[in-house]
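Engineer:
Protein chains in written order, with my numbering: chain A, 1 to 562; chain B, 1001 to 1387; chain C, 2001 to 2302.
1. Can you give me, in chain order, the residues of the region 2225-2244 of chain C that have a beta carbon less than 9 Å from any beta carbon in chain B?
2. Does residue 2098 of chain C get closer than 8 Å to chain B when you measure Cβ to Cβ?
3. Listed in chain order, which residues of the region 166-178 of chain A have Cβ atoms closer than 8 Å to some Cβ of chain B?
4. Would residue 2109 of chain C be called buried (16 or more neighbouring beta carbons within 10 Å of its own) or exposed?
5. Along the chain, where does the alpha helix (DSSP H) containing residue 345 of chain A start, and where does it finish?
6. Is residue 182 of chain A helix, strand or coil when you go by DSSP?
7. Output the distance between the C-alpha atoms of residue 2025 of chain C and residue 249 of chain A, rounded to the nearest integer angstrom.
8. What does the alpha-carbon distance come out to for the pair residue 2055 of chain C and residue 1323 of chain B?
9. Enumerate in chain order the residues of its own chain whose CB-to-CB distance from residue 1056 of chain B is below 6 Å, with the five nearest sequence positions on each side excluded.
10. Smallest Cα separation from residue 2106 of chain C: which of C/2035, C/2143 and C/2058?
11. Taking residue 1243 of chain B as part of the alpha helix (DSSP H), name the residues at either end of that continuous run.
12. So residue 1134 of chain B and residue 142 of chain A are supposed to be a Cβ contact under 8 Å. How far apart are they, rounded?
13. Should residue 1059 of chain B be flagged as near chain A, meaning a C-beta pair shorter than 8 Å?
14. So residue 2099 of chain C and residue 2068 of chain C are in contact, right, with Cβ under 8 Å, and what is the actual spacing, rounded?
15. When the distance is taken between beta carbons, is residue 475 of chain A closer than 8 Å to residue 208 of chain A?
16. Return the chain-ordered list of same chain residues with a C-beta closer than 8 Å to the C-beta of residue 1160 of chain B, the five sequence neighbours on each side being excluded.
17. What span of residues does the alpha helix (DSSP H) with residue 1329 of chain B cover, start to end?
18. According to DSSP, simplified to helix, strand and coil, what is residue 7 of chain A?
19. By the 8 Å beta-carbon criterion, what residues does the region 93-119 of chain A contribute toward chain B?
20. Going straight from the alpha carbon of residue 2037 of chain C to that of residue 2009 of chain C, what length do you get?
21. Is there a Cβ of chain C sitting closer than 8 Å to that of residue 1366 of chain B, yes or no?
22. So for residue 2268 of chain C, helix, strand or coil by DSSP?
23. How big is the Cα-Cα spacing for residue 119 of chain A and residue 263 of chain A?
24. Using only the alpha-carbon positions, how far apart do residue 2167 of chain C and residue 1359 of chain B sit?
25. Hey, out of B/1061, B/1106 and B/1087, whose CA is closest to residue 1020 of chain B's CA?
26. Do residue 1037 of chain B and residue 1026 of chain B have their C-beta atoms within less than 8 Å of each other?
27. Does the separation of the CB atoms of residue 416 of chain A and residue 157 of chain A fall below 8 Å?
28. Using the Cα positions of residue 991 of chain B and residue 552 of chain A, report the straight-line distance between them to the nearest angstrom.
29. Can you tell me the Cβ-Cβ gap for residue 1283 of chain B and residue 1256 of chain B, rounded? I've got them flagged as a contact below 8 Å.
30. Who are the Cβ neighbours of residue 1163 of chain B in its own chain at under 7 Å, not counting the five residues just before and after it?
31. Using only CA atoms, which one of C/2251, C/2246, C/2064 and C/2045 lies nearest to residue 2101 of chain C?
32. Under 7 Å: does the beta carbon of residue 409 of chain A sit that close to some heavy atom of the ligand PLP?
33. What do you reckon, are the CB atoms on residue 1212 of chain B and residue 2206 of chain C nearer than 8 Å?
34. Which residue from B/1131, B/1246 and B/1297 puts its Cα closest to that of residue 1203 of chain B?
35. Taking only three categories from DSSP, how would you classify residue 2221 of chain C?
36. By the criterion of Cβ-Cβ separation under 9 Å, what are the contact partners of residue 2216 of chain C in chain B?
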């Protein structure tokens, strides 16, 4: 049985950072990833990473922007920690070798980003996430003695010991199909978000909410699952992301009449208002008939100087050219709001601890919460690094304190049986995995997206529950052991359905509009009744609701305008 | 919507059978990708069709493959264009016209695990690790950031753009002939450190890669990696820059790589056009020292070229004096003009990198300055907030 | 299609060095086709990519000089070497991309009474292969064929520098440039032999520094062509010719098999179809015997 002090599941930014932080404490670390680490979706984060590093800036200002951006659902103690530790983390990254953009003096340079009162976004062209993640992977290669990498291993179930503490995980070696039970004193879930529940989404095919579902099934609480961010600028159809950086460099949003419509919704910040505000503005323009026939509005990057486009927005040039047939330096590109980020997730404290001892979570998987009802651009990368680091440290500290628990073999046997069941289903015995997935995605995108109401969410929930039943008989084509992607898709479908169910239940419960949740039947924010988190726990009858307080330190909730 | 036939090179390791071709019929919009086609076939017809993929947007680097013999990303290749290429290749070979199956194979130069999934660990990643792919700074880091030339960070952004997809490795012709070649991906990664002012082992890295017979001088200069790369990294260009920097550091490799480069450059300075026999001689036994004390390798190579020379003389290729005797090659009538060019270029040695500079825009420089100011000046941002 | 082809002609270094048969056959073919070649006898080496590796500005200036000399004649330029095409196109791309850089390069040229002007009079630099297909035309070429190469199975070998990277070799405007050899072979009445190495590397650039890598490539591609049934290869690049023909016996040792496949320069292939005799075209100078090709062609009256 492979055994480590700290086991990190997921090797994106949060996972890699957690692993490095734990290794620094001298414990034995293993990191598991269902794809090669550099394929993790962190590499799609383009725009930049926020930190109040400038002498003229302050972490309080950054914190306030974040809390206001969260529509006051963010836990302010967590936000304070994140913004306070941000400057040090940026410098740490730079020392490791991240190739941050420089100003003329050769020092770290910034760009403007949405929802920010000051330019505090540090970046590498428009490949910031990729650049940071590749440098962290360089460090993983450097410390390969201390950190064991299990690349292309798929985790399917957490293991708890008799006292209910997390002590390991069941994993499948994708290359040859062998199932292993890993033992660990601390397990950190950094498996990213669940964007594939919605179609289309900016998220990669691997973003299927694995960690969120595994934690949920193990009995951990989830929080704020209704808070799903729709990014304002995604390509219609495929859902590809056009970075916020474009708006940061001065691009305009126009409706079909050529009007800069943000004037009506956010007269001060215009295109750089908070993402949920911009998404709703766009959706309103589209719903009220001022959009283009393909259900989009236009992002006009032609107003940005060509040299700047070439320097800092190269990815968008390529995306425009390769996937939309548009030269963004010559004509506007059609975009619409698209599923992008999960603010909610596994409930943790500021050190990544869930309510199951030994189980941690960080990054998009977790909900601390720093993003509350809406995440600011360039705060996600920061979130992954700060809380990845803190989880890693705390997980290592725990490992030093306690003795190892041996997970029972039963967990492994149960998983092997489940898999055998899936593999043995007859062809034609039910629907195909891809069909169920498509129906799920389309349902969620139409009913639990930018604008929601009771009837819609209820229908969606019914559909999800029906699809859960259908998933039990969905058959696969591949019965082999080597690289059986079919089987993995079946397991991932299960994860997605659990995620979807939780989102629907939470969205139905929150009878107000806050951040990314906009209920047309409850269009106002209602601090009196709803300034609280919605938590969910798994029971035999489905998700059970409870509430938890929002921690307020300095900033009393105000009206949120841009 | 259009109909396409994709012809996939499949391999089921557990079947005991060898690789085979399987055709799938798919229908999708011509602007969608070959990957979309594969996923449709996988979703509809056969879930066992194995292909690595994740982001679908040419960022994660998972879906490296060969399409119609060309290495690249499945998600970035439009299926309509792939069809055009397949038809063109068929017509060139004198077969068929339209609707030729689009041929999809796993990446080359790597062992195949299953269908389109290759073993990248043994080839790609092993070679990446060969070049010590982490920053080696000197001493303790500063309190704040290292202060570096802004251009240097922009310069290595080209290498940093690499998504490790392996398309360059797949297309590398040197690696086909010499599997031990360190390869385009790893060498491009090496440049990311050599060009980073914060790395303190520049000379050591260059020395290592220049001396290795499978290193920077094993690149056959075929441009395949430049064509294959979906991110504009241009690995071959990075290899050439490594050669240049190795030369600047005074590294003289035992592969004659540097000597060859200098010999060529000097001959044109003296003669204006190439003196092949002089080039051969100066590559192996350069200058006075090289001839006084030739290396074992030089002797071996020079002796080894004698049979070739004799054949050339026999058939009449190399009968004239100036071909046989190194250095007798005539100068150009305006050789002084050529020399003046050398003097000017050696003074400046400007490296114009199109990836960084881009093609000339229409807007004036001042607009560029204004744009940058507005986005980075906190006061301006404050104005926006208040106003 | 141009009425009469008249170009500023850069013959390159190697065609006047170790592959003199190329220079001679080009002159012969030009005469038969009625092309006027104004030889740039003051022009310098293109650098073959090696000078650019050493000092990019130097390579750009040297080639700017050649372009300027060509522009002085008021004509477009022709080269007969894939390597010249590639090396020069790379430099031209940089020169054309930025007026400030171009002005910097022109600084030293102006002292010599020369200047490279972007797009002056529609100035282009094209390899003989491209000119043949794009400006002269395959139909016209077909009409000139006096001895169709019937039964001659020809394998094309392009040379890296003329097929990659696509984006700077005009493939956007002329997407078929990498199948022109096939088209020409067919127009001349020959039979195309497809084989793996047609657009791969001959290995010439590393012959001094990685001899085995170099000759393994040459040997493999010649071997593959033989296995595919080729009677000969045809190439538009004299540097490729050096590695494929002159080094063929050495390459055979590296790949451990007998080779012995004739390698023709493009003008030689065209010349044969236009009625010229193998000896006139310098085919007797080759290292890999061209006797077999001659045999295949006898019995077909000129």
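Glycine included, C-beta positions come from ideal geometry on N, C-alpha and C.
Just so it is clear, the structure is predicted and the values come from calculations on it, not from any experiment.
Structural biologist: If we stick to the structure as given:
1. 2242
2. yes
3. 175
4. buried
5. No alpha helix (DSSP H) holds residue 345 of chain A; the beta strand (DSSP E) holding it covers 345-347.
6. strand
7. 59 Å
8. 27 Å
9. 1075
10. C/2058
11. 1235-1248
12. 4 Å
13. yes
14. With a Cβ gap of about 16 Å, residue 2099 of chain C and residue 2068 of chain C do not count as contacting.
15. no
16. 1192
17. Taken as a continuous stretch (DSSP letters only), residue 1329 of chain B belongs to no alpha helix (DSSP H), as it is neither H nor E.
18. strand
19. 94, 95, 96, 97, 99, 100, 101, 102, 103, 104, 105, 106, 107, 108, 109, 110, 111, 112, 116, 117, 118 and 119
20. 5 Å
21. For residue 1366 of chain B, the predicted structure reports a pLDDT of 38, less than 50, and the residue's modelled location is therefore unreliable. The matter cannot be settled from this model.
22. helix
23. 21 Å
24. 14 Å
25. B/1106
26. yes
27. no
28. Residue numbering for chain B in the displayed model covers 1001 to 1387; residue 991 of chain B lies beyond these limits and cannot be assessed.
29. 5 Å
30. 1059, 1060, 1061 and 1231
31. C/2064
32. With respect to the ligand PLP, the structure shown offers nothing to examine, as it has no ligands at all.
33. no
34. B/1246
35. helix
36. 1176, 1177 and 1178
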